[in-house]
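Undergrad: For the sequence shown, this note's numbering begins at 2 and goes up steadily by one. For reference, the structure I am asking about is given below.
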Amino acid sequence: MINKQLLDPESIVVVGGSNDIHKPGGAVLRNLMEGSFRGKLFVTNLKESEVQGIKSFRDPAELPNVDLAIIAIAARFIPEMVEILAKEKNTRAFIILSAGFSEESREGKLLEEQVVQTISSVGGALIGPNCIGVLTPNYQGVFTKPIPTLDPRGCDFISGSGATACFIMEAGIPKGLKFSSVFSVGNSAQMGVEEVLKYLDETFDPDISSRVKLLYIENVSKPDLLLKHAGSLIRKGCKIAAIKAGSSEAGSRAASSHTGALASPDVAVDALFRKAGIVRCYGREDLISVASIFMHPELKGKNIAIITHAGGPAVMLTDALSNGGMNVPHIDNPASKELLTLLYPGSSVANPIDFLATGTAEQLGTIIQFADQKFEGIDGMAVIFGTPGLQDVFDPYSVLHRQMQTAGKPIFPILPSILTANEEVADFISKGHVFFPDEVTFGNALCRVYKTNKPFDLLPDLPKVDHKTIRGIIDRSANGYISPGEIQQLLDACEIPRAKEAVAGDVDVARSISVQFGFPLVMKVVGPLHKSDVGGVVLNIRDEESVVREFNRMINIKDTTGILIQQMLSGTELFVGAKYEKKFGHMILCGLGGIFIEVLKDVSAGIAPIGTDEALTMIRQLKGYKILEGVRGQQGINIGKFADIILRLSALLQAAPEITELDFNPLLGKGDQVIVVDSRIHIMHVRQ
């Protein structure tokens with residue numbers, strides 16, 4: 002995989018190097034010559050003896066041994082060229098810029114496979130094909146612009162799209178965002194985002210490695226690898242933000258359960274990112290804002306002081322922070338009253354702290370010092386300072402620079418005058434700062450960063466279950482939905498609380514069950530998929546006469562094979578479900594149950610196995626969480642018991658990986674009890 006020849010080659014050949022710098026082979030050669038590469042540089046071009054002042058080898062066989070080949074020729078010629086370089090020239094690193102491979106056709110895919118096989122056979126590393134290249138401190142192996150000045154304190158950036166990588170750098174560099182390395186993996190024929198991240202994890206050095214990783218992903222092909230190494234890096238002190246494009250599904254599919262309808266592949270990506278501790282972003286500016294926040298000291302709490310000389314942006318930022326769960330607390334204490342005496346009349350220190358358009362650089366410094374040293378309830382500061390162009394703002398930006406170097410609390414500079422104060426902003430950036438041009442984009446990003454959890458355990462402790470019983474039921478069951486009786490046994494084997502229930506095949510058995518359970522009861526048809534839609538659910542049965550009447554009616558409903566009789570329970574309706582998602586494994590979902598699952602779709606998802614901390618986090622992230630706590634005199638539920646069912650379901654899925662879909666809907670929560678009332682489990686012994 003990634004090797005020294007790729008990262009720090011002593012020699013590079015540009016295959017297809019050109020005198021035309023508007024072609025990839027010409028542009029990458031120019032960038033190498035103008036950049037930091039100090040090794041031996043070679044060119045192959047069948048028609049030229051010299052390219053951009055460098056001798057060109059018309060016959061690749063005449064090349065000396067070379068560490069890295071950057072290839073920009075037609076796809077059909079590349080397998081032969083790679084064969085020569087790998088087998089005869091000891092080349093062990095390849096960057097293939099050319100398109101025309103698996104992204105285009107079946108024939109291209111075969112060419113790509115041939116190239117990978119050759120490179121892998123000699124233990125070589127391949128980036129691409131169909132990429133813009135690689136930027137490391139040792140060479141600029143790209144044919145595009147911009148080319149940032151690499152800084153070890155900047156971001157390591159891995160992108161599945163070359164164009165998107167360019168656009169993200171294009172937008173980030175003018176804001177002061179720095180980059181440490183850039184990998185454009187293109188088709189990811191041998192190495193994708195996951196493999197590069199794995200390398201960054203395994204070689205991480207806390208003294209010299211970048212602590213910020215940015216990812217642009219179009220296809221999560223190896224979620225286990227991404228989860229393992231992203232979580233590992235974050236535990237080592239890194240921060241990771243990622244865009245996962247392609248969140249919508251082309252076309253719709255019929256879902257046989259509530260879980261199936263809710264658990265799309267994009268839900269799995271969300272769950273993966275949360276488990277790893279990755280901040281998910283949804284666009285270039287969003288990613289840049291999150292990355293820029295990463296470049297500041299970590300925020301330790303959610304109380305923000307907004308310092309401004311412009312009221313409107315402060316109001317919009319207050320809205321963004323408040324709506325995102327952060328606090329802009331009212332400030333009213335002796336220190337704030339003292340601060341007010343040092344500002345011009347009409348200023349406000351209540352928070353936002355508005356020191357008016359006439360406020361001075363000295364006043365800005367004083368406000369920051371008060372917020373940093375005297376306002377104990379403040380965790381960080383957002384400073385909004387622009388200009389209408391009546392005077393320059395070098396002085397306030399210099400004050401901001403000095404305060405950011407010495408303050409004990411994070412200071413986030415929001416500088417909206419990117420045209421009018423472009424010289425001042427450029428000077429501010431030159432001192433090593435990154436800024437935010439838009440207060441709302443910043444506010445939304447800060448909320449998401451603050452709320453992103455630390456990585457969860459990949460192998461959490463789970464409750465013990467009766468593995469022998471579970472395997473016996475699964476092994477003897479056919480593909481498809483298993484019977485209510487078998488579901489009861491599975492729940493009992495996991496000690497998942499359930500309502501008393503039994504299936505009656507004739508009316509006398511139904512009458513006997515009703516006497517045994519006592520009233521009130523619920524009766525449901527067994528067989529039809531959506532029971533309510535066919536009149537197959539009757540609640541609050543209170544006497545034997547009603548049992549007989551409803552049994553005789555329901556048994557004649559199409560596809561009915563029996564009648565399920567349950568205790569009638571009450572409480573808050575909850576939902577827990579699971580679904581097997583290809584590549585990701587089992588997802589577990591939880592939320593409010595009953596009709597709310599269809600109407601509100603308020604669910605949280607996690608990737609199994611799920612431990613206690615992750616289960617509790619999933620529950621607390623529900624929009625309806627306050628209902629579960631109890632509101633307006635309504636009794637809440639035992640959150641710990643709800644989480645315990647998620648853990649026991651996780652253990653069941655480990656014992657029975659054949660489960661493809663599972664619904665517990667509803668569960669009823671009341672006081673200290675959380676009980677499964679209705680359940681459905683589908684299994685598949687061999688998945689496609």
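Glycine residues also receive a C-beta, built at the ideal position from the N, C-alpha and C atoms.
If contacts are defined as beta-carbon pairs under 8 Å, then residue 441 and residue 569 qualify, I think. What distance do you get, rounded to the angstrom?
TA: So it is not a contact: roughly 50 Å between Cβ atoms.
Undergrad: Using the C-alpha atoms, what's the distance from residue 185 back to residue 309?
TA: Whole-angstrom Cα-Cα distance: 40 Å.
Undergrad: Considering residue 348, what are the terminal residues of the alpha helix (DSSP H) in which it resides?
TA: Where residue 348 is concerned, there is no enclosing alpha helix (DSSP H), given that its DSSP letter is neither H nor E.
Undergrad: Using C-beta distances below 6 Å, list every residue in its chain close to residue 766, excluding the 5 sequence neighbours before and after it, in chain order.
TA: Because the chain in this structure spans residues 2 to 689, residue 766 falls outside the shown range and cannot be described.
Undergrad: Would you say residue 174 lies against chain B (beta-carbon separation less than 9 Å)?
TA: Included in the structure is just one protein chain, with no chain B present.
Undergrad: Between the alpha carbons of residue 35 and residue 591, how many angstroms are there, rounded?
TA: One C-alpha to the other measures close to 56 Å.
Undergrad: Whole angstroms are fine: how far does the CA of residue 215 sit from the CA of residue 372?
TA: Whole-angstrom Cα-Cα distance: 32 Å.
Undergrad: Beta carbon of residue 691, beta carbon of residue 576: below 9 Å?
TA: No statement about residue 691 is possible, as the shown extent of the chain runs from 2 to 689 and does not include it.
Undergrad: Could you give the uninterrupted runs of the alpha helix (DSSP H) lying entirely in the segment 177 to 243, keeping only those of 4 residues or more?
TA: You should have 194 to 203 and 224 to 236.
Undergrad: Taking residue 658 as the reference, which of 685, 642, 636 and 680 has the closest Cα?
TA: Considering only alpha carbons, the answer is 685.
Undergrad: Closest by CA to residue 304, which one among 71, 238, 377 and 199?
TA: Measuring from the Cα of residue 304, the nearest candidate turns out to be 377.
Undergrad: Report the rounded CA-to-CA distance for residue 607 versus residue 418, giving the unit in angstroms.
TA: Approximately 42 Å between the Cα atoms of the pair.
Undergrad: Can you say whether residue 208 is buried or exposed, counting buried as having 16 or more other CB atoms within 10 angstroms of its CB?
TA: With fewer than 16 Cβ atoms within 10 Å of its Cβ, residue 208 is classed as exposed.
Undergrad: Ends of the alpha helix (DSSP H) at residue 404?
TA: Counting along the chain, the alpha helix (DSSP H) containing residue 404 begins and ends at 395 to 407.
Undergrad: By DSSP, does residue 53 sit in helix, in strand, or in coil?
TA: Residue state, collapsed to three classes: coil.
Undergrad: Which runs of the alpha helix (DSSP H) fall wholly inside the segment 445 to 488 and span at least 4 residues, in chain order?
TA: Fully enclosed alpha helix (DSSP H) runs of 4 or longer: 468 to 477.
Undergrad: Between which two residues does the alpha helix (DSSP H) holding residue 514 run?
TA: Its alpha helix (DSSP H) spans residues 508 to 518.
Undergrad: Helix, strand or coil for residue 167 per DSSP?
TA: In the structure shown, residue 167 sits in a helix (DSSP, three-state: H, G or I).
Undergrad: Just list the alpha helix (DSSP H) runs in the segment 47 to 125, keeping only unbroken ones of 4 residues or longer that don't cross its boundaries, in chain order.
TA: For the segment 47 to 125, whole alpha helix (DSSP H) runs of length 4 or above, ordered along the chain, are 79 to 89 and 107 to 122.
Undergrad: Alpha carbon to alpha carbon, how far is residue 667 from residue 651? Give it in angstroms, no decimals.
TA: Approximately 18 Å, taken between the alpha carbons.
Undergrad: Using DSSP's beta-bridge definition, name the partner residues of residue 127.
TA: Note: residue 127 sits in a beta bridge opposite 95.
Undergrad: Using 8 Å for Cβ pairs, my map puts residue 414 next to residue 381. What's the rounded Cβ distance?
TA: No, residue 414 and residue 381 are not in contact; Cβ-Cβ is about 12 Å, not under 8 Å.
Undergrad: Just to confirm, are residue 194 and residue 159 a CB contact at a threshold of 9 Å?
TA: Yes, these two residues count as a Cβ contact at 9 Å.
Undergrad: Thinking C-alpha only, which one of 617, 528, 561 and 643 is nearest residue 573?
TA: If we check each option's Cα against that of residue 573, 643 comes out closest.
Undergrad: Could you spell out the range, first to last residue, of the alpha helix (DSSP H) harbouring residue 277?
TA: That run of the alpha helix (DSSP H) goes 266 to 277.
Undergrad: What did DSSP end up calling residue 10 once you bin it into helix, strand or coil?
TA: Three-state DSSP puts residue 10 in coil, outside helix and strand.
Undergrad: According to the neighbour-count rule (16 or more other Cβ atoms, all chains shown, within 10 Å of its Cβ), is residue 157 buried or exposed?
TA: Residue 157 is buried by the Cβ-count criterion.
Undergrad: Go through its chain and collect everything with a Cβ distance to residue 1's Cβ below 8 Å, but skip five positions before and after it.
TA: Absent from the model: residue 1. The displayed extent of the chain is 2 to 689, so no value can be given.
Undergrad: Answer with buried or exposed for residue 153, where buried requires no fewer than 16 other C-beta atoms within 10 angstroms of its C-beta.
TA: Result: exposed.
Undergrad: Mapping the DSSP letters down to three states, classify residue 157 as helix, strand or coil.
TA: Residue state, collapsed to three classes: strand.
Undergrad: Can at least three beta-carbon pairs, one atom from the segment 350 to 367 and one from the segment 472 to 488, be found at a separation below 8 Å?
TA: No: the two stretches stay apart, fewer than three of their Cβ pairs being nearer than 8 Å.
Undergrad: How many angstroms separate the CA atom of residue 332 from the CA atom of residue 450?
TA: For residue 332 and residue 450, the distance between alpha carbons rounds to 24 Å.
Undergrad: Closest to residue 390 by CA distance: which of 422, 368, 365 and 363 is it?
TA: Per the Cα distances, 422.
Undergrad: Out of curiosity, what's the CA-to-CA distance linking residue 1 and residue 384?
TA: Given that the chain is displayed from residue 2 to residue 689, the structure contains no residue 1 and the question cannot be resolved.
Undergrad: Assign residue 94 to buried or exposed, taking buried as 16 or more other Cβ atoms, counted over all protein chains shown, within 10 Å of its Cβ.
TA: By the neighbour-count rule (16 or more Cβ atoms within 10 Å), residue 94 is buried.
Undergrad: Report the three-state DSSP secondary structure of residue 543 (helix, strand or coil).
TA: In the structure shown, residue 543 sits in coil (DSSP, three-state: anything other than H, G, I, E or B).
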